[in-house]
Amino acid sequence: MNVLVTGGAGYIGSVVVEELVRARHSAIVLDDLSSGHRDAVPPLAYLVKGSIGDPESLGQAFQAKSIDCVIHLAAKSGVAESMARPDLYEQVNVTQGTFLLDTMRAHGVTDLVFSSSAAVYDPSAPMPLTESSPLRPSNPYGETKLRFERILEERAATGGIRYVALRYFNVAGASIDRGEDHRGETHLIPLLLDAARGAREPVPIYGSDYPTRDGTAIRDYIHVVDVAEAHVRAIRYLADGGENRALNLGAGQGVSVREVIAAVETVTGRRVPTVPAPRRQGDPPALIASSDAARRVLGWSPQFEGLNVILETAWGWRVRHPEGYKE
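FYI, numbering that gives the first Met the number 0 numbers position 58 of the sequence shown as 57, with every residue one higher than the one before it.
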């Protein structure tokens, strides 16, 4: 199939494109490179530099080939930033996302795999979270992801679109060639790895008084290649006539911030300098997934199981690419 991947030069997007190419699909990438990297795009993919909010760039991407399916990852994704700039998140994640849907309709494209988030759930709900758990985001980032899911539901009800919304939990790790390299990094694992190799100051640990087993926040970590494989399975699921639905992607195990630090020290063999910091507004105490539905519906299961395995791949990529991507 010919698959358009918005945000395909980003961390997750580039690995999704890598898996698409490996599965012999044709990948067209649309990315404005504001947070992604040209060098992260696999050589066999076709890159259009531009935003989903730009009609000219979108037109170029849709005209590159006859598109069969869209994988939509282009978004703003920082919880803290969303608290400070909710208007920006509304503009990019909802308004521009709706423009993408309008463009799909204009080109007769109906199938969409959407990069959603665990942030759509009520963090006070019992863990692990299932797709039927209450939906009540605790930050504007999650609110915009849920609002876009609602738009997909509305359009699907009229037959205008067919979709799978993949609700990621915490994505980490690396493939052989592609890893995590954000400008102004905020994700815990790459911060800890860089601190372990002496490339940054001590890492702030936001909150030590959560109602968890050691007082730090608990998250469910899933390997980026496993997430990418789920996308490939999702486009095939839609092509085979699958139903519109949302699916969780996680490992089903919660790991605290202190446990992640200890695991990083074990994997790297180095001490990780940290510093206590206040909780960040909008951060829930715990998020743990049940991915039973994804296993059943997509025939998917994580191949990189266990936090240490995930960290080993992330550390290996960082050692091989100490400065990240060149461009």
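We put the CB at the ideal spot given by N, CA and C, even for glycine.
With a cutoff of 9 Å on beta-carbon distance, Y162 and L237 are scored as near each other. Under the DSSP assignment, F113 falls outside any alpha helix (DSSP H), being part of the beta strand (DSSP E) whose first and last residues are D110 to S116. For the options E311, R104, K64 and S114, the alpha carbon positioned closest to that of H222 is the one of E311. Spatial neighbours of H186 in its own chain (CB-CB distance under 7 Å, excluding positions within 5 residues in sequence) are listed in chain order as E179. In the structure shown, the three-state DSSP call for K64 is coil. Exposed is the label assigned to L43, since fewer than 16 other Cβ atoms lie within 10 Å of its Cβ. Under the three-pair Cβ rule at 8 Å, the stretch 195-212 does not count as touching the stretch 146-155.
In this structure, the alpha-carbon of E258 lies about 11 Å from that of I188.
In the three-state reduction of the DSSP assignment, P272 falls in the coil class. In terms of CA proximity to L111, R235 leads the group H320, G141 and R235. For a cut-off of 8 Å, the C-beta gap from E184 to L190 is around 6 Å, short enough to register as a contact. The three-state secondary structure of I70, taken from DSSP, is strand. Considering only Q62, V40 and L29, the residue with the shortest C-alpha distance to A74 is L29. Residue pairing of H222 in beta bridges, as defined by DSSP: A171.
The Cβ neighbour count for A105, taken over all protein chains shown within 10 Å, is under 16; the residue is labelled exposed. In the DSSP assignment, N307 falls within the alpha helix (DSSP H) that extends over L306 to R319.
A residue is called buried once 16 or more other Cβ atoms fall within 10 Å of its Cβ, and D208, having fewer, is exposed. Take the alpha-carbon of E304 and the one of A250: they are about 7 Å apart.
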